[in-house]
Amino acid sequence: MINPRLNRNTRVLVQGISGRAGRLHSRLMQEYGTQIVAGISSRKELSHINGVPLFSDCSQAVKATQATASVALVGPFDLLAAIEEALAAGIRYIVTPTEGMPVHDALKAKQAVDRAGAIWVGASTPGMAIAGEVKLGFLPNDALIPGPIGIMSKSGTLSYESGYRLAQQKMGSSVWIGVGGDAVKGIRYADLVPFYAQDEQTQALLVIGEIGGHEEEDLARALIDHQFKKPVFALIAGRSAPEGVTMGHAGALVHGSHGTWQAKREALEAAGAIVFGSLNDMVHGVVQKIARS
Amino acid sequence: MYLLEHDAKSLLAAHHITIPPGCLVSQADQPLPPLPAGPWMVKGQISAGGRGKAGIIKKANTVEEIKSHCEHIIGRTVKGHRVQSVRIEQQISGGAEAYCSLLLDAAAGGIRVIMATQGGMEIETLPPEAIQTAVAAPTLEALTQCIAELTAHLPAPYGQALSEVGLHLAKRFLDSEALLIEINPLFVRSDSSWVVGDAKYVTDDSALERQAEILHLLKTRSSAYPEAALKFEHGCDYVVVDPDGEIGLLTTGAGLSMMLVDELRAVGLKPYNFLDVRTGGLRGETQRLVKVLQWIHQGRHIKVLLINIFAGITELGEFSKLLVSALAEVPELNVPVVARLVGNGLPAAREVLSAAGIALYPDLDEALVEVKKHLAAAGEKK
């Protein structure tokens, strides 16, 4: 079973720490409580950033700091190499927020990650978080309060808005995984079903999906196969998207009957999920159902 | 990028894959270019399937028929796409219909190869026993092996034809970093020779920079691929979802922007566009915002501009300054502005926007009430 739980003691390194995003987000993650123990940078003139010691590659960093997880903040064409470097150094949990990773690179990365038995969250993701404990990536603090809802999301912004509105209703999250908006990715919804089924903090699941691909359909099948007992709520964006046009996320492309909103809703409903048509309906539905139980 | 059939076929032909001779026509009132020998097919070009059912694929036996079809097809709107051009090509005579495709299998992390000795209809509607399929690793060796296994037991003339086409497509799929290449139908003759009937070809926008051939296509045919061209040039995603839309949207984040379009439509409002402006990529410049406002201004029925930004990281005060400057640079977009912002730096944003006379709503529902008021007021003015 894939277990995406991390905690305050998880030792994290940041690849690409001396870039603009690397500097900003390593600081924000530190402020949230994440233990950033090392940074990877090719800039030899620097020794530390945000108090974090720098290394020229992952293998040196892992030897010196015993890091076990990585957040890679590098450009899309450098991402495959960064993932391979982290795996070679023994890292087994990799979060890659970068948008625009070429799909064929993602195919190669996925094969390497699977061979190593590692967990890869991304690409094109705001990352993951366990509210009040740790975050790898940049889920906004306003949306992060501890609570009973396991969240899996493709879109960053739609999940921020959802988490924020739920938090306003004092409804928080247990383990939040942004699987990301790409077609080929690391962890997918269906991979997380066994984990959420047995996770004691998780009382219900919120799936924030969108058109394109068949990840929602695969999730529906996994829910049925695992006889998932907890309530499942879903919000799916892109109902009015025209066919044949990519809607912002590389994965959000409808062609023919493939990847349509209707197909996803039908599959999820057949698996017992409640599919909402708007953010407001979702927030009210979740709050009512969970408060009642 | 979902390539138009004409471009898909041209790319395949450039790599020794046999297609029927044909040409592209985008103006019905101009003289026709040199035509291949008839009879012909006249095929409306849009990036969506179901063209036959929609009536934009027609047979023609005379040049007069071609012209009449061109007049009827060009300019129509099918599935939200305006038909900008038709491909006129020679009808294929003889041969049985087969099917061959390669596509990403995201769940398996590989490339799925599908072959069938029937074709011409959607693969989902074929009986399962007519379909051969397997997933291969993304290497030429693995795909070659996979295709050999799938075609080994197919009857003549399909075995040889599908094996040849499969290998051609495998090479194309890897070299062009495709997401999907589907040949349906593939016409197979009794001597195992074959020709591509229709082709669907989807490429990876994220790989464009290192795909010279596709990038060249995008640059020379940018009007056929406006969304991909905009994204490549300006780094943001913009799609006109309703040419008659009344609400211009300045939004960030693909998922949230899609959801907003959906929700507006669900309550009977008419959004004009989808936009993921990527506030994180603005880097203190107004340029991208100005472009976006100019694009929105092209909507003939725009009555109000709705800004919806959920800033996880972006500093909203900074963003608001850029927004106010950008709006001043596009005075021709003379419509009321409703702003809904949430996140970092909200007080600073409120100050900047109120100085510019723009009301700020932290609650999306309140912002929508305001949008409706402006729409009603614009209606009364008429």
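Going down the list, the protein sequences come from chains A and B.
Following the numbering used here, the numbering of the first sequence begins with 79 at its first residue and continues without gaps.
Following the numbering used here, the numbering of the second sequence begins with 708 at its first residue and continues without gaps.
For glycine and all other residues, C-beta sits at the position ideal for the given N, C-alpha and C.
Shown here, Q825/B sits in coil according to DSSP, grouped into three states, outside any helix or strand. Between T824/B and A837/B, the gap from beta carbon to beta carbon is short of 8 Å. For G205/A, the enclosing beta strand (DSSP E) begins and ends at 205 to 208. For the segment 883 to 897 of chain B, the set of positions with a beta-carbon nearer than 7 Å to some beta-carbon of chain A reads E884, L886 in chain order. Here F1017/B is bridged, per DSSP, to V1049/B. For A885/B, the enclosing beta strand (DSSP E) covers residues 885 to 895. For G97/A, the closest C-alpha among the options F306/A, F311/A, R121/A is that of R121/A. By the Cβ rule, the segment 1049 to 1068 of chain B counts as touching the segment 1009 to 1019 of chain B, because three or more pairs are nearer than 8 Å.
The beta-carbon of L236/A is placed less than 8 Å from the nearest beta-carbon of chain B. Taking C-beta atoms under 8 Å as the contact rule, M325/A and A885/B fail to qualify, at a distance of about 20 Å. For the segment 87 to 139 of chain A, the continuous beta strand (DSSP E) assignments of 3+ residues that do not extend past its boundaries occur at 89 to 93, 113 to 118, 130 to 133, in sequence order. Within the same chain, and ignoring the five residues on either side of D898/B in sequence, the residues whose Cβ sits closer than 8 Å to its Cβ are P864. Taking C-beta atoms as the reference points, A1085/B and K1010/B count as a pair closer than 8 Å.
Between A315/A and chain B, the shortest Cβ-Cβ separation is below 8 Å.
DSSP, reduced to helix, strand and coil, places H788/B within a strand of the structure shown. For E162/A, the nearest beta carbon of chain B is not closer than 8 Å to its own beta carbon.
The distance from the Cβ of I821/B to that of T846/B is about 19 Å, inconsistent with a contact at the 8 Å cut-off. By the C-beta density criterion, G337/A is buried, having at least 16 other C-beta atoms within 10 angstroms. Counting C-beta atoms within 10 angstroms of its own C-beta, E294/A has 16 or more neighbours from the protein chains shown and is therefore classed as buried. Counting only Cβ-Cβ distances below 8 Å, H182/A has contacts in chain B at P845, L881, E884, D911, A914, in chain order. With fewer than 16 other Cβ atoms from the protein chains shown falling within 10 Å of its own Cβ, V1076/B counts as exposed.
Look at D944/B here: in three-state DSSP terms it is strand.
Following the DSSP letters along the chain, one finds V199/A inside the beta strand (DSSP E) bounded by residues 197 to 200. Sequence-ordered contacts of the segment 952 to 981 of chain B with chain A read T959, G960, A961, G962, L963, S964, M965, M966, V968, D969, E970, R972, A973, F981 [C-beta pairs closer than 7 Å].
With fewer than three CB-CB distances shorter than 8 Å, the segment 173 to 190 of chain A does not count as touching the segment 118 to 136 of chain A.
Around Y806/B, no beta-carbon contact reaches into chain A at under 9 Å, the shortest distance being about 14 Å. With its beta carbon less than 8 Å from one in chain A, E934/B belongs to the interface.
DSSP places D736/B in the coil class of the three-state scheme, outside both helix and strand. The Cβ-Cβ distance between E288/A and K232/A falls below 8 Å. Contact check for A268/A against I302/A fails: the beta carbons are separated by 8 Å or more. Contiguous alpha helix (DSSP H) elements confined to the segment 851 to 931 of chain B occur at 865 to 882, 919 to 927, taking only those with 4 or more residues. DSSP places P978/B in the strand class (E or B) of the three-state scheme.
Residue pairing for R794/B: DSSP places it in a beta bridge opposite L731/B, K750/B. Annotation for M230/A: the continuous beta strand (DSSP E) segment containing it runs 224 to 231. For the segment 185 to 218 of chain A, the set of positions with a beta-carbon nearer than 8 Å to some beta-carbon of chain B reads L185, K186, K188, Q189, D192, P204, F216, L217, P218 in chain order. Close CB contacts of P204/A within its chain, under the 6 Å cut and outside five residues either way in sequence, are with G215, F216, L217, G234, G256 (chain order).
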